[in-house]
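Trainee:
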Amino acid sequence: MSALNSYTLTWRHINTTTFMYGTKLRIEDDGTYFNNPLMPSGTVIHDWRMLTTFSEHKYAPSLPILKKKQHYKVILNYNVEPRGSVYIKITFYRKNDTEHSNLIIQNSDAEFKFPEEAYAYKIELINAGLSELFFKNIIIQELDTDESETHSIVESKVNLDVLNRVIYGESVNARGDQNG
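The opening residue of the sequence shown carries number -17 in the numbering used here; numbering runs sequentially from there.
Here it is, written out as structure tokens:
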């Protein structure tokens, strides 16, 4: 599949969600160096958002607007010690700001389809036991879906309303006899 449009996401600022407690952070021309060996696993290191409100987030949106039902490829460019100790989570939101679904990417790249019901999204860089990280960038590529190549689409549903019905009572057969 060929890429139609490409967007490079860099880490050039500190925002309100950047984990700074005990962190050594150095922003350089070719990337951002993050060091914090005592940071708990599962903690968000940094995030990028498509929609922000200045009064809440104190920064401008940093993600491109993605098209509904369009296929995208995410490429992660970073060096981390120990290997495999960081991942990203893409969370998709409905128009009323409720979570629609999320996608966790632990490999260097992945493909996904932007959900039709989604209105916005955010990307979180999450610690999985790292001691140091050199973050270069994340590339989001719009894919040409007209080509016949196969690709993986990962979409997980969360926070959906589920209706469980339990029907209790005596069963009646077709003749009107009660069983039970």
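Cβ atoms here follow ideal geometry from the backbone N, Cα and C, with glycine treated the same way.
Only counting runs of 4 or more residues, tell me where the alpha helix (DSSP H) segments fall wholly within the segment 22 to 103, in order along the chain.
Mentor: 36 to 39
Trainee: Decide if Leu85 is buried, meaning its Cβ has at least 16 other Cβ atoms within 10 Å, or exposed.
Mentor: Label assigned to Leu85: buried.
Trainee: Which residues in the same chain have their Cβ closer than 6 angstroms to the Cβ of Glu106, if we skip the five residues on either side of it in sequence?
Mentor: Val26, Asp29, Lys71
Trainee: So what does DSSP say about Ile121, is it helix, strand or coil?
Mentor: strand
Trainee: Which of the three DSSP states is assigned to Ile(-4) in this structure?
Mentor: coil
Trainee: Decide if the segment 86 to 103 is in contact with the segment -11 to -1; the criterion is three or more beta carbon pairs, one per stretch, under 8 angstroms apart.
Mentor: no
Trainee: Phe16 lies in the beta strand (DSSP E); which residues open and close that run?
Mentor: 13 to 17
Trainee: Roughly how many angstroms separate the alpha carbons of Ile(-14) and Lys51, rounded to a whole number?
Mentor: Note that residue -14 corresponds to Leu in the displayed sequence, not to Ile. Going from the Cα of Leu(-14) to the Cα of Lys51 covers about 15 angstroms.
Trainee: In the structure shown, what three-state DSSP assignment does Tyr176 receive?
Mentor: For residue 176 there is no data in the structure shown, the boundaries of the chain being -17 and 162.
Trainee: Pop quiz: Pro46 and Phe74 are said to be a contact at Cβ under 8 angstroms. What is the actual Cβ separation, rounded to whole angstroms?
Mentor: The Cβ separation is near 14 angstroms, so there is no contact.
Trainee: Quick one: using the 10 Å Cβ neighbour count with 16 as the cut-off for buried, is Tyr103 buried or exposed?
Mentor: buried
Trainee: Under 8 angstroms between the Cβ atoms of Ser23 and Asn78?
Mentor: no
Trainee: If you measure between the beta carbons of Val56 and Ile120, is that distance less than 8 angstroms?
Mentor: yes
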